[in-house]
Amino acid sequence: MTSYRLSNEGKVEIKQAQAKSRWTREFWSSKAYVSVSTLRRFLSGNPVSSENFIALCEAIGIEDWQSLVDWESSGIEAPSTSQARRSSFIVSGTFDDDKRMEIEALLKHLKTLLGSCNITVHSEDNAFAPAPEPETEEQESLPPSDAA
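Under the working numbering, the first residue of the sequence shown carries the number 149, and numbering increases by one thereafter.
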């Protein structure tokens, strides 16, 4: 099992994010679905599983968790940006106008879950433009969010 620990710079960034959020340790750990003791180990710079490390960073709003890892002590080579794995998917369907609000809510939630993403919606008659960030073009693009 791979484990990561915070670098010294990572500790500073995490402490700033925690101060900004004003979250208690109990609340933060519950948002990340980890125990408070795991959060304590994380904050003190002790190794935690990679899954818990990522969950704790993302829960507090840091998407670029790789920049917080002490790669030297982990014994793993830091991933380069060219090694980053990218995925995409396409969803196609037909819906009535009465489903528009539900679809807009789902798209907004999906964008929140994915963090840095690009969501594009096409419509034949340009009648559908999701509410989160409307544009007037035939193609609607929601720019990536910059949570980090």
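Note that the Cβ used here is the ideal one computed from N, Cα and C, for glycine as well.
Keep in mind that this is a model prediction, so the values were computed, not measured.
**OP:** Select from 180, 199, 198, 217 the residue whose C-alpha is nearest the C-alpha of residue 209.
**Re:** Mapped onto the sequence shown, residue 209 falls at position 61. When each option's Cα is compared against that of residue 209, the closest is 180.
Original post:
Which value, in whole angstroms, describes the spacing of the CA atoms of residue 177 and residue 197?
Top reply: Translated into the one-based positions of the sequence shown, residue 177 becomes position 29. Translated into the one-based positions of the sequence shown, residue 197 becomes position 49. If I take the Cα positions, the gap works out to 14 Å.
Subject >> residue 158 burial status per 10 Å Cβ neighbour count (16 or more: buried) >> reply: Position 10 of the sequence shown, counted from the first residue, corresponds to residue 158. Here residue 158 is buried, its C-beta having at least 16 other C-beta atoms within 10 Å.
Original post:
Using the C-alpha atoms, what's the distance from residue 195 back to residue 152?
Top reply: Translated into positions along the sequence shown, residue 152 becomes position 4. Translated into positions along the sequence shown, residue 195 becomes position 47. Just so you know, the alpha carbons of residue 152 and residue 195 end up roughly 5 Å apart.
Original post:
Under the rule that 16 or more other beta-carbon atoms within 10 Å means buried, what is residue 175, buried or exposed?
Top reply: Within the sequence shown, the letter at position 27 stands for residue 175. Exposed is the label assigned to residue 175, since fewer than 16 other Cβ atoms lie within 10 Å of its Cβ.
**OP:** Assign residue 186 to one of two classes, buried (16 or more other C-beta atoms within 10 Å of its C-beta) or exposed (fewer than that).
**Re:** Here the question's residue 186 lines up with position 38 in the sequence shown. Residue 186 is buried by the Cβ-count criterion.
**OP:** Note down, in chain order, each residue of its chain lying with its Cβ closer than 7 Å to the Cβ of residue 173, except the 5 sequence neighbours on either side.
**Re:** The sequence position of residue 173 within the sequence shown is 25, counting from 1. Within the same chain, residue 173 has close Cβ partners 184, 187.
Original post:
Of all the options 213, 259, 170, which has the alpha carbon lying nearest to the alpha carbon of residue 190?
Top reply: Numbered from 1 along the sequence shown, position 42 holds the residue referred to as residue 190. For residue 190, the closest alpha carbon among the candidates 213, 259, 170 is that of 213.
Original post:
When we look at the beta-carbon of residue 156 and count the other beta-carbons within 10 Å, is it buried (16 or more) or exposed?
Top reply: What you label residue 156 is simply residue 8 of the sequence shown in a count that begins at 1. Residue environment for residue 156: exposed (fewer than 16 other C-beta atoms within 10 angstroms of its C-beta).
Original post:
When the Cα atoms are used, what is the spatial distance from residue 242 to residue 261?
Top reply: Residue mapping note: residue 242 aligns to position 94 of the sequence shown, counting from 1. Residue mapping note: residue 261 aligns to position 113 of the sequence shown, counting from 1. Straight-line measurement puts the Cα of residue 261 at about 24 Å from the Cα of residue 242.
Original post:
Is the beta carbon of residue 259 less than 7 Å from the beta carbon of residue 267?
Top reply: Sequence index remark: in the sequence shown, residue 259 carries index 111 (1-based). Sequence index remark: in the sequence shown, residue 267 carries index 119 (1-based). Residue 267 sits close to residue 259, with the two beta carbons spaced by under 7 Å.
**OP:** Taking residue 176 as part of the alpha helix (DSSP H), name the residues at either end of that continuous run.
**Re:** Locating residue 176 in the sequence shown gives position 28, where the first residue counts as 1. Taken as a continuous stretch (DSSP letters only), the alpha helix (DSSP H) holding residue 176 covers 173-180.
**OP:** Taking residue 203 as the reference, give the member of 167, 215, 182, 165 with the closest Cα.
**Re:** Translated into positions along the sequence shown, residue 203 becomes position 55. Closest by alpha carbon: 182.
Original post:
Can you tell me where the alpha helix (DSSP H) with residue 252 in it begins and where it stops?
Top reply: As a first step, residue 252 is located in the sequence shown; it is residue number 104 there, counting from the start. For residue 252, the uninterrupted alpha helix (DSSP H) segment begins and ends at 248-262.
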